[in-house]
Every structure is written in C-alpha cells, then in structure tokens.
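**Q**
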Amino acid sequence: MRYLDTAYIIKLYLVEHGSEAVMQAANESGGLASSALAFSGPHGALHRNLRDIYSSDRHLLTVAPHLGITGVNVIR
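494 is the number of the first residue of the sequence shown in my numbering; add one for each residue after it.
#1: Run through the segment 508 to 540 for me and flag every whole alpha helix (DSSP H) of 4 or more residues, listed as ranges in chain order.
#2: Based on Cα-Cα distance, which residue from 505, 560, 562 lies nearest to residue 532?
#3: What first and last residue would you give for the alpha helix (DSSP H) that runs through residue 499?
#4: Return the residue from the list 556, 550, 499 that minimises the CA-CA distance to residue 525.
#5: Under 8 angstroms Cβ to Cβ from residue 539, same chain only, skipping five residues before and after it: list those, please.
#6: Determine the contact status of residue 547 and residue 527, defining contact as a CB-CB distance below 8 angstroms.
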C-alpha cells in the first residue's frame, strides 16, 4: 500500500513533471491510501490549473492579431 499526499494525488490527474512515475507506482502498488484532508488540496490545484489554461488562452487571443495569426475562441 502506498500513501499519497496532495502533491502526488494531483500528479494522477494532471500531466506534469513526475506524473508518469507516480502513475506507474500507483498501478504497481497493492492499494492507495491518503488522508481525507489531502483531498481538499487537489480541488484548489485543479481549479488553479484550469484558470491558468483559460488565462493563457485569453492572452494568446489578445496577442494573435499582432503576430499575424488568427485566434479562435472555442471557450466563449
């Protein structure tokens, strides 16, 4: 059994540095355990990740005309 804290739980949901190793270790373990408190952190981290993606897209759409490219807003 492996214990996962918030940082490792996030790596199971987001593709980032170390995610593949955490997923492999989780799959090879006999089970996973975590504190109930560890699950409040991922909610905030996933929301931050989504906000960062949206913010990056919005900034790209703003600068696109200056770079001579056409941006398409698919989120609206």
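Glycine included, each C-beta is placed from N, C-alpha and C at the ideal position.
**A** On the basis of the data shown:
#1: Within the segment 508 to 540, the runs of alpha helix (DSSP H) that reach at least 4 residues and sit entirely inside it are, in chain order, 512 to 521.
#2: 505
#3: Note, residue 499: alpha helix (DSSP H), 499 to 506.
#4: Minimum Cα-Cα distance from residue 525 among the listed residues 556, 550, 499 corresponds to 499.
#5: 503, 506, 507
#6: no
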